[in-house]
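Protein chains in written order, with our numbering: chain A, 1 to 214; chain B, 215 to 446. Don't be surprised by glycine CBs; every beta carbon is placed ideally from N, CA and C. No experiment lies behind these values; they were computed from the predicted model shown.
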Amino acid sequence: MRDLTLAMRRRTDVLTTLFFFIIVVSLFPLGAGTEKIILQKIAPGVAWVAALLASMLALERLFASDFADGTLEQMLLTPQPMFILVLGKVFAHWLLTGLPLVFIAPLVGLQYYLPNEAVGTMMLALLIGTPVLSLVGAIGAALTLGLRGGGILLSLLILPLYIPIMIYGAGVVSASAMGTTDLQAYFSILSGFLILALVLSPIATAAALRISVE
Amino acid sequence: MIPFFGWLTAILAIGGLYWGFFETPDTLSDQKQYYRIIYIHVGAAWMSMWLYIMMAAWALAGLVFQTRLSFMIASAIAPTGAIATFLALWTGAFWGKTSWGTWWDWDPRMTSELILLFLYMGYMALQSAIDDPRRADRAAALLALVGLVCVPIIFWSINCPNPNECAALHQTSKPGGGNMDPNILIAMLVVALAFWMYAFVAILMRVRNIILERERHTTWVNELNKLLEENK
């Protein structure tokens, strides 16, 4: 809750992430040409790569301010298990960076001439996929806490781990744009990733925080 | 131990390559001499994966038992593993050019090998970015473990990007060598063993350096220095 209040007071942070996503998505048509067929083909990949980058950029701030003013150490000392606090922080982070991307996804659909069903699929896929990005990214954010050049290092550590989510996230949108109706398998796998990340990531993040803070 | 494994490396590598070059047929179906890349390629690819598992295993041992030596071994394995991965990709590119007509293709195994290289790089980058060796060891160890959990998922997801039809795109390797000429198989296995021995040598030597570097303020290292100088 505290994170949410703080974020509402600094609204630009949230908007920056959102506009970063929009700008990256808008750059591709300018670079790759505005032909409808090409755009429809690359749309799912572009949207997901932009989502990965946007959520990764915001990750740096996940623990940084708490680490700077010592709140993090207090959190580690509380009687509550650390992974619950981590889960709370990651959830707040996702509400601020992941959820807006879900709602902005129709804009991508407009820019890339996607059919309506594909836009719906993309929103659902982003809804399931972006929490996984936040959860996995939290491990990296905790590991690189307070390091020189932490941001670029974070991308080196985390981006390879994002690959499966991107493959299926983009895959389901492509399939849907081509008119396939049997999307159950994609969503099952994405949800599977989410459950796996929900269980394992907070534990790993808590361990990483202990290593980083000590 | 180091000279022992060193000699074993030399003997196995020379023996295996000799066998591979002179005791095997000159052509393998439609591939001419090129298929001989297999001797290096397969060994390097096996080592790259095996070394990552070993690295993660030592990292886990370090995190569980809090032993410094385990972390040192894990961090000594990483460069050798990265080299093996790079070698597998590099020889694979040459082989791909001669047999498939392309340097690179987004084939599942190649992509996973590339991602493995990224993981090694991430491990080494994190290790070197943290000044405090204790924190560096433990943070990198945790990363290696997270990577280990993700590797099967990544491999599998690249292998089957469409969950409705999981067709393997790659040529399959059959256990037992399939219809491969037994001479080729023997040579390949011997060279792979040589790679393994080389890994032992390189890792043991690197661990020795890491230990000396980290313990440079202790008395036993200083005494070792004095001994060395007296012998000169």
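Residues of the stretch 121-134 of chain A with a Cβ closer than 7 Å to any Cβ of chain B: none. Around the C-beta of Gly31/A, fewer than 16 other C-beta atoms lie within 10 Å, and the residue is accordingly described as exposed.
When C-alpha distances from Met178/A are compared across Thr121/A, Ile167/A, Ile195/A and Thr16/A, the shortest belongs to Thr121/A.
In terms of CA proximity to Gly171/A, Ile42/A leads the group Leu62/A, Ser65/A and Ile42/A. For the options Arg420/B, Ala350/B, Asn436/B and Phe414/B, the alpha carbon positioned closest to that of Glu214/A is the one of Ala350/B.
C-alpha of Ile425/B to C-alpha of Pro347/B: approximately 12 Å in a straight line. Residues Phe63, Thr205, Ala208, Leu209 and Ser212 of the same chain have their beta carbon placed closer than 7 Å to that of Ala142/A, with the five preceding and five following residues left out of the count. Asp66/A: member of the alpha helix (DSSP H) spanning Arg61 to Ala68, first to last residue. In the structure shown, the three-state DSSP call for Pro115/A is coil. DSSP places His93/A within a helical segment (H, G or I) once states are collapsed to three.
In this structure Gln80/A is exposed. Its beta-carbon is surrounded by fewer than 16 other beta-carbon atoms within 10 angstroms. With a cut-off of 8 Å on Cβ pairs, the stretch 32-51 of chain A is not in contact with the stretch 68-88 of chain A, counting fewer than three such pairs.
Here the C-alpha atom of Ser55/A lies approximately 20 Å from the C-alpha atom of Arg148/A. For Glu214/A, there is no enclosing alpha helix (DSSP H), as DSSP marks it with neither H nor E. Its Cα nearest to that of Met269/B, the residue Ala354/B stands out among Ala354/B, Ala259/B and Ala224/B.
The C-beta of Val46/A has 16 or more other C-beta atoms within 10 Å across all chains shown, which makes the residue buried. Closest in C-alpha terms to Ile128/A, from the list Phe19/A, Tyr112/A and Tyr168/A, comes Tyr168/A. In terms of beta-carbon proximity, Gly336/B lines the interface with chain A, with at least one pair separated by less than 8 Å.
With contacts defined as CB atoms closer than 8 Å, Val136/A and Ala197/A qualify as a contacting pair. Sorting Asn423/B, Met324/B and Ala416/B by C-alpha distance to the C-alpha of Trp221/B places Ala416/B at the top.
With contacts defined as CB atoms closer than 8 Å, Leu330/B and Ser262/B qualify as a contacting pair.
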